[in-house]
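Peer 1: Take this structure first; my questions come after.
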Amino acid sequence: MGKPITDRVTWVGKVDWELKRFHGDEYSTDHGSSYNSYLIRDGKTILVDTVWQPFEAEYIQALKDELDLAELDAIICQHAEIDHSGALAEIVRERPDIPIYCTANGVKIIKGMFHGDWNFQVVKTGDTIELESGTLTFVEAPMLHWPDTMFTYYSADEILFSNDGFGQHYASQFRYNDEVDQAELYREARKYYANILTPFSAQVTRKINEILALNLPLKMICPSHGVIWRENPAQIIEQYLKWADKFQQNQITIVYDSMWHSTRLMAEAIGSGISKADPSIEVKIFNAAKSDKNDILTEIFCSKAVLAGAYTINNGISYAISGLLEMVCGLKFKNKKAAAFGSYGWSGEGIKLVTEFLRRGGFEIVNDGIKQLWKPDEAALEQCSKFGEEFVKAL
Ligand code: FEO
0 MGKPITDRVT
10 WVGKVDWELK
20 RFHGDEYSTD
30 HGSSYNSYLI
40 RDGKTILVDT
50 VWQPFEAEYI
60 QALKDELDLA
70 ELDAIICQHA
80 EIDHSGALAE
90 IVRERPDIPI
100 YCTANGVKII
110 KGMFHGDWNF
120 QVVKTGDTIE
130 LESGTLTFVE
140 APMLHWPDTM
150 FTYYSADEIL
160 FSNDGFGQHY
170 ASQFRYNDEV
180 DQAELYREAR
190 KYYANILTPF
200 SAQVTRKINE
210 ILALNLPLKM
220 ICPSHGVIWR
230 ENPAQIIEQY
240 LKWADKFQQN
250 QITIVYDSMW
260 HSTRLMAEAI
270 GSGISKADPS
280 IEVKIFNAAK
290 SDKNDILTEI
300 FCSKAVLAGA
310 YTINNGISYA
320 ISGLLEMVCG
330 LKFKNKKAAA
340 FGSYGWSGEG
350 IKLVTEFLRR
360 GGFEIVNDGI
370 KQLWKPDEAA
380 LEQCSKFGEE
390 FVKAL
C-alpha cells in the first residue's frame, strides 16, 4: 500500500522489520530497515528506485495496486546495489522497453548484476527530466557510497531523493523524522554514517557543499532507507558535515578480546587510569567477541583515541579482535590516536600485531603499548593504570 508524501509523490517501498544482518554479515540492523521507493505522478509517471530482491514479488503487487505498470514512463535507478535495484528485472520483464535513468557506472553495475541489456538512459549532473509541474535534476554522487550513486532533485515539491545518503537502517510504521523517537533515529543515522560512509567523508563534504551552493529550496530529503527528513531537513545535512569533518568527542574506546580474563583486567585498569588522569573523558570498554561489531565501530568513530587489546595465540591474535581491526582499517578513520595492550604466556607478539593494524588504519600510534605476562597481579594492574594515565597525557 503506497503512502502519499505529497500530492504528486507516493512512497511505495517496503519496511523490513525482521532484517538483522545487512551487506552479508557486515552490518547489524537491530532496528530492521526499509527500502524506500517513490512514485512521482506529474504529467509523466516515474519510479525512483525499487526494493531488495527478496521483496520483489510483494513490491510489484503493491505497485500494481497503485497503477498499471503500462502507465510507468521511466525508472530512475539512483544506485544499482540490489537493495534498491532488486525489482528492476521483474519490471523490465513486464515492460521490456522502459527507460532506466542511471549514471554510466550504473549501467555497468546493473549489467554486471542482472546481465540484461536494457533501455538505459545515461545521465550526468545537471541532466533533467521535465515534468508538468517541475523538473527532475540529476546530481552524480560517486562513492556515496558506490561509484554509480546519484541524487535526484524534484523542483515541484522541493524534494531531494538522496538514495543511501542521509539514510538509516530503521524500520518504522512512521515515514517522517518528526514522528519517531529522536534518540533512536540519531543512533541509527550515526551508526549508518560511521559504518558505511566514513571512508568517503571527503566526498560527503564536497557533495554537500556543491549542493548547498545551488541554494535549492528544500522541503524534504527522501533517502532510500529509514524515515524521510521532513522537519528541518537541514539538520541532517549539518550533522553530516560534522561527522565528515574528522569527527570525535571527548571519548576513548577500549576494545579487547580476552581468553582467560587477563586482557580484560588490563583493559579495565587502563580505563581506570584514563579516568584518574582526566575524569571528563568518557571511557567505553568492549569485548570484541561479545559486543556488536558495528556498535563498537560507531564508538570508535565517536572517539578521539582507541586502545586495542589482544592476547597472543599461536603467534597471532584472535579472530574477534583481528576481524574488528580489519574493519577499522577499511573505515579509514581520521584524526584518532591509539595504542595496544594485551596479556601473553610465552611468545607475546599480540601487541605488535595490533599496533601494525592500528598504524595501517591511519591511527597515530602514541606508544609501543603494554603487555603483561600471564594474569596481571596488583603491581601489573597498577602499571596498566599508569599506562592509561600516561596515554591521556600524550594525547
Ligand atoms: Fe542501500 Fe548501497 O544500498
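The numbers in numbering that gives the first Met the number 0 rise by one with no breaks, and the one at position 362 of the sequence shown is 361. Glycine included, C-beta positions come from ideal geometry on N, C-alpha and C. Computed from a predicted model, the values in this text were never measured in an experiment.
1. If you follow the beta strand (DSSP E) that A337 is part of, which residue opens it and which one closes it?
2. Leaving out five residues on either side along the sequence, give the residues of the same chain with a beta carbon under 8 Å from the beta carbon of E57.
3. Given that a residue counts as buried once 16 or more other Cβ atoms are within 10 Å of its Cβ, and exposed if not, what is A378?
4. Give the straight-line distance between the Cα atoms of L215 and R205, rounded to the nearest whole angstrom.
5. Check the DSSP bridge columns for W10 and list the partner residues they point to.
6. Beta carbon of D82: closer than 6 Å to some heavy atom of ligand 1?
7. Are there any heavy atoms of ligand 1 lying less than 6 Å away from the beta-carbon of D163, as far as the coordinates show?
8. Mapping the DSSP letters down to three states, classify W242 as helix, strand or coil.
9. So, at 6 Å on beta carbons, what are the nonlocal neighbours of T44 in its own chain, with the 5 sequence-adjacent residues on each side left out?
10. Look up W117 in the DSSP assignment and give the residues it is bridged to.
11. Please go through the stretch 194 to 228 and give each complete alpha helix (DSSP H) segment of 4 or more residues, from N-terminal end onward.
12. Just the Cα atoms here: how many angstroms apart are Q234 and C76?
13. Using a Cβ-Cβ cut-off of 7 Å (strictly less than) and excluding sequence neighbours within five positions of A319, which residues of its own chain qualify?
14. At what residues does the alpha helix (DSSP H) containing K351 begin and finish?
15. Within 10 angstroms of its Cβ, does G345 collect 16 or more other Cβ (buried), or is it exposed?
16. Would you report the Cα separation of E209 and Q202, rounded to the nearest angstrom?
17. Anyone know if the C-beta pair for I207 and I236 falls short of 7 Å?
18. Would you list the residues sitting across from R20 in a DSSP beta bridge?
19. Exposed or buried, what is S279 when buried is set at 16 or more other beta-carbons lying within 10 Å of its beta-carbon?
20. With C-beta atoms as the reference, is W122 less than 7 Å away from Y100?
21. When the distance is taken between beta carbons, is T297 closer than 7 Å to G347?
22. Measuring CA to CA, which of W373, S84, V226 is closest to E183?
23. Can you grab the Cα-Cα spacing for the pair R92 / F21, in whole Å?
24. To the nearest angstrom, how far is the alpha carbon of I369 from that of A88?
25. If we ignore side chains and look at the alpha-carbon of each, how far apart do Q167 and T252 end up?
26. What's the gap between the Cα of D147 and the Cα of K335?
27. Express the C-alpha separation of E281 and N249 in angstroms, rounding to a whole number.
28. Rounding to the nearest angstrom, what Cα-Cα distance links A140 and N313 in this structure?
29. Excluding the five sequence neighbours on either side, which residues of its own chain have a C-beta within less than 8 Å of the C-beta of Y37, listed in chain order?
30. In terms of alpha-carbon separation, which member of K333, D367, G360 lies closest to G349?
31. Helix, strand or coil, according to DSSP, for I158 in the structure here?
32. Considering just the uninterrupted stretch of the beta strand (DSSP E) at F150, what are its terminal residues?
33. Who pairs with L306 in a beta bridge, going by DSSP?
34. Tell me the DSSP bridge mates of A73?
35. Taking the Cβ atom as the reference point for each residue, do F356 and L324 lie within a distance shorter than 7 Å?
Peer 2: Judging by the given coordinates:
1. Start at 1 with the first residue of the sequence shown, and residue 337 comes out as number 338. Residue range 336 to 343 is occupied by the beta strand (DSSP E) that includes A337.
2. On the sequence shown, residue 57 is found 58 positions in, with the first residue counted as 1. Within the same chain, K13 come within 8 Å of E57 by CB-CB distance, once the 5 residues on both sides are set aside.
3. Here residue 378 refers to the residue found at position 379 when the sequence shown is read from its first residue. It is exposed - the Cβ of A378 has fewer than 16 other Cβ atoms within 10 Å.
4. For the purposes of this step, residue 215 is taken as residue 216 along the sequence shown, with counting starting at 1. For the purposes of this step, residue 205 is taken as residue 206 along the sequence shown, with counting starting at 1. One C-alpha to the other measures close to 16 Å.
5. Indexing the sequence shown from 1 puts residue 10 at position 11. According to DSSP, W10 shares a beta bridge with K2, Y37.
6. Here residue 82 refers to the residue found at position 83 when the sequence shown is read from its first residue. The answer is yes for D82.
7. Walking along the sequence shown from the start, residue 163 turns up at place 164. Set against 6 Å, the gap from the CB of D163 to the closest heavy atom of ligand 1 is smaller.
8. Position 243 of the sequence shown, counting from 1, holds the residue named residue 242. Helix, per DSSP.
9. Looking up residue 44 in the sequence shown gives position 45. Excluding five sequence positions before and after T44, the CB atoms of its chain that fall closer than 6 Å to its own CB belong to E70, L71, D72, given in chain order.
10. Stepping through the sequence shown from its first residue, residue 117 is reached at position 118. Its beta-bridge partners do not exist; DSSP assigns none.
11. DSSP runs (the alpha helix (DSSP H)) wholly in the stretch 194 to 228: 200 to 211.
12. Within the sequence shown, residue 234 is the residue found at index 235, counting from 1. Within the sequence shown, residue 76 is the residue found at index 77, counting from 1. If I take the Cα positions, the gap works out to 26 Å.
13. Mapped onto the sequence shown, residue 319 falls at position 320. Counting only Cβ-Cβ distances below 7 Å, and skipping sequence neighbours, we find D256, A287, A288.
14. The residue you call residue 351 lines up with position 352 of the sequence shown. Run containing K351: 349 to 359, per the alpha helix (DSSP H) assignment.
15. As a first step, residue 345 is located in the sequence shown; it is residue number 346 there, counting from the start. Note that residue 345 corresponds to Trp in the displayed sequence, not to Gly. That one is exposed.
16. For this step, residue 209 is matched to residue 210 along the sequence shown. For this step, residue 202 is matched to residue 203 along the sequence shown. E209 and Q202 have their C-alpha atoms some 10 Å from each other.
17. The count along the sequence shown starts at 1 and reaches residue 207 at position 208. The count along the sequence shown starts at 1 and reaches residue 236 at position 237. Yes.
18. Walking along the sequence shown from the start, residue 20 turns up at place 21. According to DSSP, R20 shares a beta bridge with S27.
19. One-based indexing of the sequence shown puts residue 279 at position 280. Result: exposed.
20. Translated into the one-based positions of the sequence shown, residue 122 becomes position 123. Translated into the one-based positions of the sequence shown, residue 100 becomes position 101. The displayed chain sequence assigns Val, not Trp, to residue 122. For the pair V122 and Y100, the CB atoms are nearer than the 7 Å cut-off.
21. Along the sequence shown, read from residue 1 onward, the residue named residue 347 stands at position 348. Along the sequence shown, read from residue 1 onward, the residue named residue 297 stands at position 298. No, the pair does not count as a contact, with Cβ atoms beyond the cut-off.
22. Residue numbering aside, residue 183 sits at position 184 when the sequence shown is read from its first letter. Between E183 and the set W373, S84, V226, the nearest pair of CA atoms involves V226.
23. Looking up residue 92 in the sequence shown gives position 93. Looking up residue 21 in the sequence shown gives position 22. Roughly 27 Å between the two C-alpha positions.
24. The sequence position of residue 369 within the sequence shown is 370, counting from 1. The sequence position of residue 88 within the sequence shown is 89, counting from 1. Their backbone Cα atoms lie some 56 Å apart in a straight line.
25. Locating residue 167 in the sequence shown gives position 168, where the first residue counts as 1. Locating residue 252 in the sequence shown gives position 253, where the first residue counts as 1. Cα-Cα distance, rounded: 23 Å.
26. Here residue 147 is taken as the residue at index 148 of the sequence shown, counted from 1. Here residue 335 is taken as the residue at index 336 of the sequence shown, counted from 1. Cα-Cα distance, rounded: 30 Å.
27. Locating residue 249 in the sequence shown gives position 250, counting from the first residue. Locating residue 281 in the sequence shown gives position 282, counting from the first residue. Distance between the alpha carbons of N249 and E281 is about 6 Å.
28. Counting from one through the sequence shown, the residue named residue 140 turns up at place 141. Counting from one through the sequence shown, the residue named residue 313 turns up at place 314. Going by the C-alpha atoms only, they are around 45 Å apart.
29. Taking the first residue of the sequence shown as 1, we reach residue 37 at position 38. Around Y37: I4, V8, T9, W10, V11, G12, L46, V47, D48, F160, C221.
30. As a position in the sequence shown, residue 349 is number 350, starting the count at 1. Closest option to G349, Cα to Cα, is D367.
31. In the sequence shown, counting from the first residue as 1, residue 158 sits at position 159. The three-state secondary structure of I158, taken from DSSP, is strand.
32. What you label residue 150 is simply residue 151 of the sequence shown in a count that begins at 1. Annotation: the continuous beta strand (DSSP E) that includes F150 extends over 149 to 153.
33. The residue given as residue 306 occupies position 307 in the sequence shown. L306 pairs with I253, A338.
34. Residue 73 sits at position 74 when you count from the first residue of the sequence shown. Paired residues: I45.
35. Working through the sequence shown from its first residue, we reach residue 356 at position 357. Working through the sequence shown from its first residue, we reach residue 324 at position 325. Yes, they are a contact pair.
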